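What follows is a set of notes on a single structure, which appears directly below.
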Amino acid sequence: MRLSKYLAGCAAAAALALSLGSVSASADTFALVTINQQALFFNQINEGAEAAAKAAGAKLVIFNANNVPSAQNDAIENYITQKVDGIILIAIDVNGVKPAITAAKKAGIPVIAIDAQIPDGDNVSFVGVDNLKAGEDIGKFYADYVKAKLNGTAKIGVVGALNSYIQNQRLDGFKKAVTASGLKVTFLDTVDGQNVQDVALSAAENLMTANPDMTTLYATGEPALLGTVSAVTSQGRTDGVKVFGWDLTKQAIEGIDQGWVTGVIQQDPAGEGKAAVEALTKLKKGEKIEPIINVPVTIVTKENVDKFRGMFK
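Using mature numbering (1 follows the signal peptide of the UniProt record, and there is no 0), the letters of the sequence shown correspond one by one to residues -27 to -1, 1 to 286.
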């Protein structure tokens, strides 16, 4: 484990060096510090941000932390040294990264957080969804489904990412809504997919093996949902386990079509990246921006999935 963490840190450091090498001395250079580039969600944020930067005539550099929280702090500190004009952050550890955000503020570099809110942070704005509320929304949807289709009784397992503040919020909101429904829902184990698809797959398989009477699964993010969908398929339990989760993929759409993936919250990651760059551009012009820039979500079901198919062709 120590060796893997060391190697991950080395990889992140190397990525940072490459990223910093691309920063020019010209004005309007924005840096995007992301979590990983495995998840489609984060790549779509990149695409939206890149398109908006191009439209604004700005330069965008992207740092991939490879799921290493400390690498994000190092990246921000180095971007401060490079005197970029603004930083966009998708935080892994929302508390641990706060000192770096404060340092950026003191250096006169605005930081905009995407997806993960920074509690009492010195970032100038947050772009994304209210993860706690959206968790409640999918929790209410789940409860309605259990009441209508499962006779008001269910056993549920959770595949999460325990080092992710936002995914823990999604779970807290979900549990709150399900508990408030008063239905007979038993929460089984919550396993850690670590925001990595292969890890989530193994965790979901182990969860189902340990709980043969499980009837539902909730996945709190894209890698977790991908792993969960693969696990349900590989174990041949698509007839008995209904899946709910976050962040649509091609595999999830196939499950929706077949009827065992029931509801998936879909965000607008490209829209979030675009909104963050546009906000930094406004700040550079001396304009004001809102402290919270909300981007709406949709619960994708069999009834509305056709609207999203084109994203995954």
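Where a beta carbon is used, it is the ideal one built from N, C-alpha and C, also for glycine.
Since we're looking at a predicted model, the values are computed, not measured.
Could you tell me which whole beta strand (DSSP E) segments of length 3 or greater appear in the segment 215 to 267? 215 to 219, 234 to 239, 265 to 267
Under 8 Å by Cβ, that's how I've got valine 164 and leucine 180 pegged, so tell me the actual separation to the nearest angstrom. 5 Å
How many angstroms separate the CA atom of isoleucine 266 from the CA atom of alanine 153? 29 Å
By alpha-carbon positions, which one of Ala29, Ile91, Phe285, Ile226 ends up nearest to glutamate 251? That would be Ala29, whose Cα lies nearest to the Cα of glutamate 251.
From what residue to what residue does the alpha helix (DSSP H) around alanine 193 run? Reading the sequence as shown, one finds threonine at residue 193 and not alanine. Looking at the DSSP string, threonine 193 is not in any alpha helix (DSSP H), and its letter there is neither H nor E.
Between which residues of its own chain and threonine 201 is the CB-CB distance below 7 Å, once the five residues before and five after are set aside? Val132, Ala173, Ala177, Leu190, Ala192, Val216, Gly218
Less than 8 Å separating the beta-carbons of isoleucine 61 and aspartate 88? no
Tell me, which residues are paired with isoleucine 8 by DSSP? In DSSP, isoleucine 8 forms no bridge with anything.
With DSSP run on the structure shown, which of helix, strand or coil describes residue 302? The requested residue 302 is not part of the displayed model; the chain covers only -27 to 286.
Can you find the residues in the same chain that come closer than 7 Å, C-beta to C-beta, to glutamate 263, ignoring five residues on each side of it along the sequence? Ser98
With DSSP as the reference, please indicate the residues paired to valine 205 in a beta bridge. For valine 205, DSSP assigns no beta-bridge partner whatsoever.
Enumerate in chain order the residues of its own chain whose CB-to-CB distance from leucine 123 is below 7 Å, with the five nearest sequence positions on each side excluded. Result list for leucine 123: Thr188, in chain order.
Run of the beta strand (DSSP E) containing leucine 161, from where it starts to where it stops: 157 to 165 is the span of the beta strand (DSSP E), which, as asked, contains leucine 161.
Looking at the secondary structure, which residues open and close the alpha helix (DSSP H) in which valine 172 lies? Under the DSSP assignment, valine 172 falls in the alpha helix (DSSP H) whose first and last residues are 170 to 183.
Whole angstroms are fine: how far does the CA of arginine 210 sit from the CA of aspartate 103? The straight-line gap separating the alpha-carbon atoms of aspartate 103 and arginine 210 is approximately 32 Å.
What distance in whole Å lies between the Cβ atoms of leucine 13 and glutamate 23, which are believed to be in contact at a cut-off of 8 Å? Between glutamate 23 and leucine 13 a beta carbon distance of about 15 Å is seen, past the 8 Å cut, so the two are scored as non-contacting.
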